[in-house]
Amino acid sequence: MVSFRSARNALFFRLRQRVRWQRGPFIERNEPKDSLHGHPASERIRDLETRYDLAALKARSRVSTYLENLYLLDLLEAAHRGWTGSYGKAAIGIDAGCKNFFYAFGLFRFLERFRIHGTRRVTLTGYEIDAFRVYTDLRSRADHALGYASFLPGTRFVSGDFLEAPGPAALVTAFFPFVTEAPHLAWGLPLDRLHPLAFFAHALKILAPGGVLVTAAQGVKEFDAHLAILRRLKVDPALAEKFESPILSFKNERYVVRVEK
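For what it's worth, the numbering used here labels the leading residue of the sequence shown as 298, then goes sequentially.
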């Protein structure tokens, strides 16, 4: 059954790569954010909005997208707890498996403004290997990603394999990368595209000295798989813990891992 599903996924994956469907960058329709005034985490939300200057995103996003970006900022701050390094005056960020890159604004703002007076110069690139899956609006994942990446100069989206991403990067992120077969197949990818050891090895390889790798895992099984891969690579994480945020909650437990180079 697994081999059949993988073969079917391979067929449709190759078809998507050949057709490369695109209709142009997606522009999200804004929704009012008045409902957030009564959010249980309204104080934390205001704090993040102020420190990371989220006004532009707030003015042109759905409520769900806005909350996801706030959640990401909360996660990234938790991931850097106890970190004594600095991203300096300029930093390159690479995001692996960025899907439709709906969180590009929050990720960019974090790298631009975390622990610095003013801002630093940032270049952020998101990689997605399966970029041409078509959504219900008849736009591809790439269309959506290009739209989200257009919010800020210095942000770009690449329809390609993260394993080919060049370095060095000050920050490499991978939010819920596939490390086990079931979610990889459910996403619609063939098993010959599942290379978790190579994925983590490449992430570590392209880190600049003093750089940081942040990964997030969903469920204890995937979290344990993250840690097992790092052990195989003889890497000790600086932080590996359960993450909960008052901004959004999810059915499955989530975990965050930080590795320093």
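All C-beta atoms in this analysis are idealised placements derived from N, C-alpha and C, irrespective of residue type, glycine included.
Roughly how many angstroms lie between the CA atoms of residue i and residue j, to the nearest whole one?
| i | j | result |
| --- | --- | --- |
| residue 504 | residue 437 | 30 angstroms |
| residue 498 | residue 423 | 18 angstroms |
| residue 495 | residue 313 | 24 angstroms |
| residue 414 | residue 337 | 29 angstroms |
| residue 331 | residue 339 | 11 angstroms |
| residue 440 | residue 407 | 24 angstroms |
| residue 556 | residue 420 | 21 angstroms |
| residue 524 | residue 544 | 26 angstroms |
| residue 350 | residue 411 | 12 angstroms |
| residue 329 | residue 502 | 43 angstroms |
| residue 531 | residue 476 | 17 angstroms |
| residue 542 | residue 402 | 19 angstroms |
Our contact map puts residue i next to residue j with C-beta atoms below 8 angstroms; I'd like the distance itself, whole angstroms only.
| i | j | result |
| --- | --- | --- |
| residue 395 | residue 425 | 5 angstroms |
| residue 384 | residue 417 | 6 angstroms |
| residue 554 | residue 537 | 5 angstroms |
| residue 482 | residue 306 | 6 angstroms |
| residue 459 | residue 393 | 4 angstroms |
| residue 526 | residue 462 | Incorrect: roughly 18 angstroms between the Cβ atoms, too far for contact. |
| residue 302 | residue 327 | Contact flag wrong, Cβ pair sits at about 39 angstroms. |
Based on DSSP bridge pairs, tell me the residues matched to residue i.
| i | result |
| --- | --- |
| residue 456 | 425 |
| residue 557 | 509 |
| residue 468 | 390 and 509 |
**Report entry** Every unbroken alpha helix (DSSP H) within the segment 356–438, with a cutoff of 4 residues, ordered by chain
**Finding:** 360–376 and 401–410
Query - 4-residue-minimum alpha helix (DSSP H) runs that sit fully inside the segment 482–526, ordered along the chain - result: 493–502
Report task. Please confirm if the segment 461–470 is in contact with the segment 507–521, defined as three or more CB-CB distances below 8 angstroms between the two stretches. Result -> yes
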